[in-house]
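Colleague: Numbering (our numbering), first residue to last: 4 to 430. Backbone N, C-alpha and C define an ideal beta-carbon position, used for all residues, glycine too. Computed from a predicted model, the values in this text were never measured in an experiment. Could you have a look at this structure, given as structure tokens, before my questions?
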């Protein structure tokens with residue numbers, strides 16, 4: 004079995020299986036030998052910021068001398084990005100080994116009359132086995148969708164539950180109100196397990212607090228009063244912490260996103276609970292200042308950024324950062340059909356006010372047509388709007404005409420991954 008053959012099989016799974024419940028995932032894990040019982044688990048849910056919080060936790064735990072496993076989604080370029088041990092994705096060879104082991108368990112399940120695991124279940128099982136085999140101390144698991152019904156919720160009980168900011172996304176699955184969406188995210192909460200969450204809105208915050216209280220959990224909200232943004236310098240954003248625990252010092256992140264200090268603070272407070280008096284906050288400063296989380300306000304070429312913002316709340320957070328730099332900019336945008344792309348376009352036109360918008364179509368059946376996006380943008384701005392049928396064409400055009408302008412690419416993680424891959428191929 005080659006790596007490409009293993010990946011092809013995994014990508015075909017959605018065509019021949021269906022959504023399974025948590026009990027099915029637990030059975031799959033049992034066939035795998037219950038690998039999740041070999042280490043402590045940190046479970047992370049939320050609408051935006053999950054990946055960043057997971058990455059910050061992973062880096063800080065390694066600062067404390069812990070061996071870590073990290074399971075995130077989606078991948079941007081290669082599937083094995085989703086499974087990392089001690090900060091590095093598993094190799095192609097290790098991926099194949101994990102795949103073959105998981106497939107053998109699946110064949111035994113099918114012989115017993117059980118349904119094939121879903122795409123996400125299969126990768127989760129591979130990841131949990133990778134972490135067991137590597138003898139990690141902590142596994143950090145990012146939910147795929149929601150929380151209550153997510154396959155990661157079959158791994159219980161976690162050591163701690165973390166819930167990032169709540170906003171509107173995947174409403175067809177999670178509900179149409181912030182309360183309904185928060186209830187799905189809060190579904191990861193387990194009896195007696197501490198909960199740390201980012202302040203979002205009173206509607207969502209109250210649901211998380213009540214769920215934690217009903218489960219007898221310690222619960223702490225991390226709001227904007229926990230830190231103060233000091234500014235950006237040399238492509239780093241600096242902030243200070245309100246708590247004396249972190250000392251009278253400046254913290255920096257290798258990112259310019261104004262939303263990232265909140266994500267870092269949520270991870271830091273979780274770490275504070277995990278390590279107690281044995282924690283070394285000053286060790287965390289170096290890794291946080293150096294950590295680059297791919298696709299999240301990432302500078303991929305000088306003056307060219309990609310950002311994974313793909314829902315209205317994430318685009319609003321992006322706009323706050325982009326609008327504050329005061330420099331001329333070009334926006335490259337694409338989106339999938341099930342997102343609120345018209346609302347996102349309106350925010351980008353009204354709050355960012357770029358000098359040029361370039362819209363495109365991502366190479367996926369879910370992609371919104373470039374022509375449709377172009378018409379939408381033109382209803383909200385009188386600035387130039389260029390339509391390009393491919394991401395490669397959109398990027399090439401933006402680079403050709405940018406001059407001294409910054410270029411920001413966002414709207415879909417598919418677009419982010421495509422642009423990163425295009426740049427990787429030519430650099």
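For residue 294, which residues in the same chain have their Cβ closer than 8 Å to its Cβ, ignoring the five residues on either side in sequence?
Modeller: Numbered from its first residue, the chain shown carries residue 294 at position 291. Excluding residues within five positions, the ones whose Cβ falls inside 8 Å are 58, 59, 62, 256, 257.
Colleague: Alpha carbon to alpha carbon, what distance is there between residue 349 and residue 172?
Modeller: Within the chain shown, the letter at position 169 stands for residue 172. Within the chain shown, the letter at position 346 stands for residue 349. Computed Cα separation, rounded: 17 Å.
Colleague: Are the stretch 231-248 and the stretch 191-206 in contact at 8 Å, needing three or more beta carbon pairs?
Modeller: In short, these stretches do not touch, since the Cβ pair count stays below three.
Colleague: So the alpha helix (DSSP H) residue 27 belongs to, where does it begin and stop?
Modeller: In the chain shown, residue 27 corresponds to position 24, counting from 1. Where residue 27 is concerned, the enclosing alpha helix (DSSP H) stretches over 25-34.
Colleague: Using CA coordinates, which residue listed in 298, 96, 75 is at the minimum distance from residue 90?
Modeller: Counting from one through the chain shown, the residue named residue 90 turns up at place 87. For residue 90, the nearest C-alpha among the options comes from 75.
Colleague: Could you please give the first and the last residue of the uninterrupted alpha helix (DSSP H) stretch that includes residue 2?
Modeller: Because the chain spans 4 through 430 in this model, residue 2 falls outside it and cannot be assessed.
Colleague: Taking contact to mean at least 3 C-beta pairs separated by less than 8 Å, is the stretch 174-185 in contact with the stretch 317-330?
Modeller: The stretch 174-185, when compared against the stretch 317-330, does not touch it at the 8 Å Cβ threshold.
Colleague: What does residue 166 pair with, by DSSP beta-bridge criteria?
Modeller: Numbered from 1 along the chain shown, position 163 holds the residue referred to as residue 166. Answer is 48, 200.
Colleague: DSSP on residue 57, reduced to helix/strand/coil?
Modeller: Numbered from 1 along the chain shown, position 54 holds the residue referred to as residue 57. In this structure, residue 57 counts as helix in the three-state DSSP scheme.
Colleague: With C-beta atoms as the reference, is residue 48 less than 9 Å away from residue 166?
Modeller: To locate residue 48, count along the chain shown from 1; it is residue 45. To locate residue 166, count along the chain shown from 1; it is residue 163. Contact flag set, yes.
Colleague: Just to check my reading of the structure: residue 391 and residue 373 have Cβ atoms closer than 8 Å, yes? What is that Cβ distance to the nearest angstrom?
Modeller: To locate residue 391, count along the chain shown from 1; it is residue 388. To locate residue 373, count along the chain shown from 1; it is residue 370. Confirmed, about 6 Å.
Colleague: Just reading off the beta strand (DSSP E) that residue 304 is part of, what are its end residues?
Modeller: Working through the chain shown from its first residue, we reach residue 304 at position 301. Taken as a continuous stretch (DSSP letters only), the beta strand (DSSP E) holding residue 304 covers 301-304.
Colleague: Which residues does DSSP pair with residue 409 in a beta bridge?
Modeller: Taking the chain shown and counting its residues from 1, the one referred to as residue 409 is at position 406. According to DSSP, which records beta bridges pairwise, residue 409 is partnered with 332.
Colleague: Looking only at DSSP bridge pairs, what is residue 239 linked to?
Modeller: Along the chain shown, one-based indexing puts residue 239 at 236. BP columns for residue 239 point to 236.
Colleague: Looking at the secondary structure, which residues open and close the beta strand (DSSP E) in which residue 363 lies?
Modeller: Translated into the one-based positions of the chain shown, residue 363 becomes position 360. Residue 363 -> beta strand (DSSP E) spans 359-363.
Colleague: If you follow the alpha helix (DSSP H) that residue 429 is in, where does it begin and where does it stop?
Modeller: Reading the chain shown from its first residue, position 426 is the one you call residue 429. First-last of the alpha helix (DSSP H) with residue 429: 416-429.
Colleague: To the nearest angstrom, report how far apart residue 407 and residue 84 are at their CA atoms.
Modeller: For the purposes of this step, residue 407 is taken as the residue at position 404 of the chain shown. For the purposes of this step, residue 84 is taken as the residue at position 81 of the chain shown. Rounded to whole angstroms, residue 407 to residue 84 spans 33 Å at the Cα level.
Colleague: With 16 other CB atoms within 10 Å as the buried threshold, where does residue 364 fall?
Modeller: As a position in the chain shown, residue 364 is number 361, starting the count at 1. Buried, since its Cβ has 16 or more Cβ neighbours within 10 Å.
Colleague: Distance, Cα to Cα, residue 360 vs residue 102?
Modeller: Looking up residue 360 in the chain shown gives position 357. Looking up residue 102 in the chain shown gives position 99. Roughly 42 Å separates the two Cα atoms.
Colleague: Quick check: does the Cβ of residue 332 come within less than 8 Å of any heavy atom belonging to the ligand ADP?
Modeller: Absence of the ligand ADP from the depicted structure is noted, as is the absence of any ligand whatsoever, leaving it without description.
Colleague: Per DSSP, what are the beta-bridge partners of residue 391 in this structure?
Modeller: Taking the chain shown and counting its residues from 1, one reaches residue 391 at position 388. Bridge partners of residue 391: 363.
Colleague: Where does residue 92 fall in DSSP's three states?
Modeller: Along the chain shown, read from residue 1 onward, the residue named residue 92 stands at position 89. Three-state result, residue 92: strand.
Colleague: List the residues that DSSP assigns as beta-bridge partners of residue 255.
Modeller: Taking the chain shown and counting its residues from 1, the one referred to as residue 255 is at position 252. Answer is 241.
Colleague: Between which two residues does the alpha helix (DSSP H) carrying residue 223 extend?
Modeller: By 1-based counting over the chain shown, the position of residue 223 is 220. Per DSSP, residue 223 belongs to no alpha helix (DSSP H); it is in the beta strand (DSSP E), 222-225.
Colleague: What residue does the alpha helix (DSSP H) around residue 324 start on, and which one ends it?
Modeller: To locate residue 324, count along the chain shown from 1; it is residue 321. Residue 324 -> alpha helix (DSSP H) spans 315-326.
Colleague: I need the boundaries of the beta strand (DSSP E) containing residue 348, first residue and last residue.
Modeller: Along the chain shown, one-based indexing puts residue 348 at 345. Run containing residue 348: none in the beta strand (DSSP E); it sits in the alpha helix (DSSP H), 344-350.
Colleague: Whole angstroms is fine: what's the gap from residue 221's alpha carbon to residue 389's?
Modeller: On the chain shown, residue 221 is found 218 positions in, with the first residue counted as 1. On the chain shown, residue 389 is found 386 positions in, with the first residue counted as 1. One C-alpha to the other measures close to 51 Å.
Colleague: On the three-state DSSP scale, how would you describe residue 87?
Modeller: The count along the chain shown starts at 1 and reaches residue 87 at position 84. In the structure shown, residue 87 sits in a strand (DSSP, three-state: E or B).
Colleague: Mind checking residue 14: buried by the 16 CB within 10 Å criterion, or exposed?
Modeller: Taking the chain shown and counting its residues from 1, the one referred to as residue 14 is at position 11. Exposed, since its Cβ has fewer than 16 Cβ neighbours within 10 Å.
Colleague: Just mark residue 230 as buried or exposed, buried being the case when its beta carbon has 16 or more other beta carbons within 10 Å.
Modeller: For this step, residue 230 is matched to residue 227 along the chain shown. Looking at its Cβ environment, which holds 16 or more other Cβ atoms inside 10 Å, residue 230 is buried.
Colleague: Would you kindly report the start and end of the unbroken beta strand (DSSP E) that includes residue 280?
Modeller: By one-based count along the chain shown, residue 280 stands at place 277. From DSSP, residue 280 is part of no beta strand (DSSP E); its letter is neither H nor E.
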